[in-house]
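All remarks here apply to the structure that follows.
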Amino acid sequence: MANRSLIVVGVDLAGSPRRPTGVCVLRGVRARTRIAFADQEILDAIAQARPDLVPIDAPLSLPAGRTTIQDRSGPHFRECDAELRRRGIRFFPITLGPMRMLTERGLALKAQIEEMGYRVVECYPGGAQDLWGLPRQHRDLQGLRRGLAALGVRGLTEALTGDELDAVTAAWVGRQFLLGRGEMFGGERGILMPAIQRESPRG
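Take any residue in the sequence shown, count from 1 to its spot, add 128: that is its number in the working numbering.
In structure tokens:
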């Protein structure tokens, strides 16, 4: 029963407050989602939920040697990005194009959430979906919903948007991590991803 009381808030953050951000409050295995726009809406949802963990789909650290995301010198990739490449998982470098805006918003939001007393980690729903063998939202939205339900998530409806399902994915990755079934690519300040359990041969 203790495991079912875990609370995780997954956030599929948009680069701009003018675009929808998916928010999922996962209590045990039951998901409740919403769309938010302003940072304060996201912070209010977190404060109300009082979560054990807040996984956010946004870059929450900078490549080594860079002091700001606008700094054009230094490497483009972090250690966690290099690990994604080694695993064959597609992603956008955080120093390119609109990812810079998302990184700035993510870093600012992380600082505010940590001031509230909650643990924040970076996650990557698309990469988690790849590892689980689920379609990403742009390829098959309802297939993603059915896949998450098959993993054990409850409360999902056909009306959920891609942003909400990515937030659900983030929250589920966070829950699995709290239950000992996750790993940080690139170390403590890296990306939280599901640990894929490989079946051992049966004797």
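We put the beta carbon where it would ideally sit given N, CA and C, even for glycine.
For residue i, the nearest candidate out of the options (CA to CA)
| i | options | result |
| --- | --- | --- |
| PRO145 | THR223, VAL157, LEU230 | LEU230 |
| ILE170 | GLY314, VAL151, HIS266 | VAL151 |
| GLU242 | ILE184, GLY202, GLY310 | ILE184 |
| THR195 | GLU292, ASP180, LEU235 | LEU235 |
| PRO179 | ARG247, GLU211, ALA166, HIS204 | ARG247 |
| GLN304 | ALA173, LEU181, LEU141 | LEU181 |
| ARG309 | THR161, SER201, ALA295, TRP260 | TRP260 |
| GLN168 | GLY255, LEU262, GLY302, LYS238 | LYS238 |
Nearest-angstrom Cβ-Cβ length linking residue i and residue j, presumed shorter than 8 angstroms
| i | j | result |
| --- | --- | --- |
| ALA186 | LEU284 | 23 angstroms between Cβ atoms; not a contact. |
| ALA299 | LEU154 | 4 angstroms |
| LEU269 | GLY290 | 6 angstroms |
| LEU134 | GLY156 | 7 angstroms |
Cβ-based burial, residue i [other Cβ within 10 Å; buried from 16]
| i | result |
| --- | --- |
| GLN176 | exposed |
| LEU220 | A small fix is needed here, since residue 220 is Phe in this sequence, not Leu. Classification for PHE220: exposed. |
| GLY138 | buried |
| SER328 | Confidence at SER328 is low in this model, with a pLDDT of 35, below 50, so its placement is unreliable and no value can be given for it. |
| ILE324 | exposed |
| LEU224 | exposed |
| ARG147 | exposed |
| LEU307 | exposed |
| PHE313 | buried |
| ALA142 | buried |
Item checked: Cβ contact check for the region 313-323 and the region 250-269: 3 or more pairs under 8 angstroms -> yes
**Report entry** Every unbroken beta strand (DSSP E) inside the region 136-182 [3 residues or more]
**Finding:** 149-155, 158-164
Notebook entry, point to check: What beta strand (DSSP E) runs, 3 residues minimum, are completely inside the region 210-238?
Noted result: none
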